[in-house]
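Right, one structure below, let's go through it.
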Amino acid sequence: MRILVALLGLVFSLSACAQESADTYKEGQHYITLEQVVRTADPSKIEVAEVFAYSCPHCFDFEPMLQAWEKKQPQDVYLAQTHAMWNPQMEPLIRGYYTSVALKVKEKTHMAVFNTLHLERKQLNSAEQWADFFTTYGVDKEKALSTYNSFGVTSQIKQAEARARSYKITGTPEMVVDGKYRISSRLAGGHAEMLKVVDFLVAKVRAERAGKAPAQ
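Okay, here's the thing in structure tokens:
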């Protein structure tokens, strides 16, 4: 009998937590539903997209939190990062980012770029500076230069700009869950809260896909 009572108590507790979460995060208050869904890279999984900028100090502060969050995600969730470009002066940064992706060194260099800019106060404003930076991670300098200026990287930049426009991004960092729910730290109430809203929306998408969407 005591076991049954304990189990019932656990069920009620979980239900109360779920209801509390549903009551806590509201559409239009903590996140925005996009009018048009943006296609994700892998429809079989739940995409969590972040739009960031290397020049953004808030993105620099948020990146370690985001990396820790990513490591805890189950196999049906993946993180997709997009570099913003608010003006032409940002092109070296966005080009450097997609060069790291093309060279398959992003995992090694991503946080290092933030550190170079925000802690060491060094510049990465030219192909030469980026190429020299990549050589410290084992990349041939000529390969880095040719990739930086390649058609493939230019195409990635154009796609990134199109995604950011479709997301209706107003600042960085911002996040989009499953191509349809946009979250900002301003709406959520901070970086940590933004990730909590993301977790809520991931669960919401998972429930929707299972045909068990929670009531709004």
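Numbered per mature numbering (1 follows the signal peptide of the UniProt record, and there is no 0), the sequence shown spans residues -18 to -1, 1 to 198.
Note that CB positions come from ideal geometry on N, CA and C, so glycine has one too.
What are the residues that DSSP puts in a beta bridge with residue i?
i: alanine 31; result: Ala62, Val158
For a test of the three-state rule: what should DSSP assign to residue i, helix, strand or coil?
i: serine 148; result: helix
i: aspartate 163; result: According to the sequence as given, residue 163 is tyrosine; it is not aspartate. Note: tyrosine 163 maps to strand in three-state DSSP.
i: tyrosine 130; result: helix
i: glutamate 9; result: strand
i: threonine 22; result: coil
i: threonine 15; result: strand
i: lysine 178; result: helix
i: tryptophan 51; result: helix
i: serine 108; result: coil
i: threonine 118; result: coil
i: serine 37; result: coil
i: residue 202; result: There is no way to answer for residue 202, as the model of the chain reaches only from -18 to 198.
i: methionine 67; result: coil
i: arginine 77; result: helix
i: arginine 188; result: helix
i: glutamine 141; result: helix
i: leucine 101; result: coil
i: proline 46; result: helix
Straight-line CA distance for residue i to residue j?
i: phenylalanine 116; j: phenylalanine 133; result: 19 Å
i: tyrosine 80; j: glycine 171; result: 30 Å
i: proline 74; j: serine 108; result: 6 Å
i: tyrosine 13; j: valine 19; result: 14 Å
i: threonine 154; j: serine 166; result: 8 Å
i: leucine -15; j: tryptophan 51; result: Bear in mind that the predicted position of leucine -15 carries a pLDDT of just 41, short of 50, making it too unreliable to give a figure here.
i: serine 3; j: leucine 183; result: Reliability fails at serine 3, whose pLDDT of 48 lies under 50, so the model's placement of it is uncertain and no value is given.
i: leucine 16; j: methionine 47; result: 25 Å
i: lysine 54; j: valine 180; result: 13 Å
i: alanine 126; j: glutamate 190; result: 43 Å
i: glutamine 105; j: threonine 98; result: 8 Å
i: glutamate 32; j: glutamate 110; result: 28 Å
i: glutamine 141; j: threonine 6; result: 34 Å
i: glutamine 57; j: isoleucine 28; result: 9 Å
i: glutamate 175; j: glutamate 124; result: 43 Å
i: methionine 157; j: alanine 146; result: 10 Å
i: asparagine 69; j: valine 159; result: 25 Å
i: valine 95; j: leucine 177; result: 23 Å
i: serine 37; j: glutamate 102; result: 13 Å
i: glutamine 138; j: glycine 120; result: 23 Å
i: arginine 188; j: glutamate 89; result: 28 Å
Short check: CB of residue i to CB of residue j, under 9 Å?
i: glycine 161; j: threonine 22; result: yes
i: alanine 35; j: histidine 65; result: yes
i: histidine 92; j: phenylalanine 42; result: no
i: threonine 152; j: alanine 84; result: no
i: valine 59; j: valine 87; result: no
i: glutamate 9; j: methionine 67; result: no
i: tyrosine 149; j: arginine 164; result: yes
i: residue 201; j: arginine 77; result: Only positions -18 to 198 of the chain appear in the structure, and residue 201 is not among them; the question remains open.
Does the beta carbon of residue i come closer than 9 Å to any beta carbon on chain D?
i: tyrosine 130; result: Given the protein chain composition of this structure (a single chain), no chain D is represented.
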